[in-house]
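A.B. asks:
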Amino acid sequence: MKEARAYWSQLFDVVHPLRCWVRVAWREGDTTQDGDWGQLLTMPTDGYLEGSDGPWPLRDVEWVEVSMSYFKGGMAGHPLRIVDDRKAELLAGLGATALRWELRDTLWSVRNIFEDERPVQVARIANPFFDRR
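For what it's worth, this note's numbering labels the leading residue of the sequence shown as 1, then goes sequentially.
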């Protein structure tokens with residue numbers, strides 16, 4: 001599992017300093033479940049990747065998405081704004097890793113903050129340890 005920790009640590013080193021929004025997708029039977037967006041991404045113990053939905057065995061995790069956007073405001077009368085000023089820094093950080101990733105367009109919503117889905121670009125990082133069974 002040293003390989004897995006080394007692989008995912010590259011992503012942690014990019015997203016943690018920027019406090020990025022991430023989500024984990026895992027396989028349940030024949031279905032891929034998209035997790036909730038959150039700012040937690042860690043490897044609590046060997047063989048597991050943890051996002052905002054809890055820890056998942058690495059063999060079940062298909063991918064992790066990192067949002068190119070974040071939001072500001074939405075409290076104390078300040079309007080909620082989606083901000084896209086970290087994209088260049090994120091792409092540079094990801095480009096300097098050995099991670100397998102691609103840029104994609106998707107929809108973004110964060111429970112209890114904004115429920116209506118908004119378009120966003122994400123980096124989808126493949127999990128080379130996913131067991132396709």
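In this text, a Cβ means the ideal position worked out from N, Cα and C, and glycines have one as well.
These figures come from a predicted structure and were not determined experimentally.
1) Please report how far the alpha carbon of V110 lies from the alpha carbon of K2, in whole angstroms.
2) Hey, would you say L11 sits closer than 9 angstroms to I125, going by beta carbons?
3) Give the secondary structure of F12 by DSSP, where H, G and I count as helix, E and B as strand, and everything else as coil.
4) Any chance the stretch 56-72 sits against the stretch 23-33, with 3 or more Cβ pairs inside 8 angstroms?
5) Between which two residues does the alpha helix (DSSP H) holding A88 run?
6) Pull the bridge partners of L99 from the DSSP assignment, please.
7) Apart from the five residues on each side of it in sequence, which residues of its chain come closer than 8 angstroms, Cβ to Cβ, to L107?
8) How would you call S69, buried or exposed, if buried means at least 16 neighbouring beta carbons within 10 angstroms?
9) Around the C-beta of A123, are 16 or more other C-beta atoms found within 10 angstroms, so that it is buried, or is it exposed?
10) Can you tell me whether G51 is buried or exposed? The criterion is at least 16 other CB atoms within 10 Å of its CB, across all chains shown.
C.D. replies: From the atom records:
1) 33 angstroms
2) yes
3) helix
4) yes
5) K87 to G95
6) None; L99 has no bridge partner.
7) E117, R118, P119 and V120
8) buried
9) buried
10) buried
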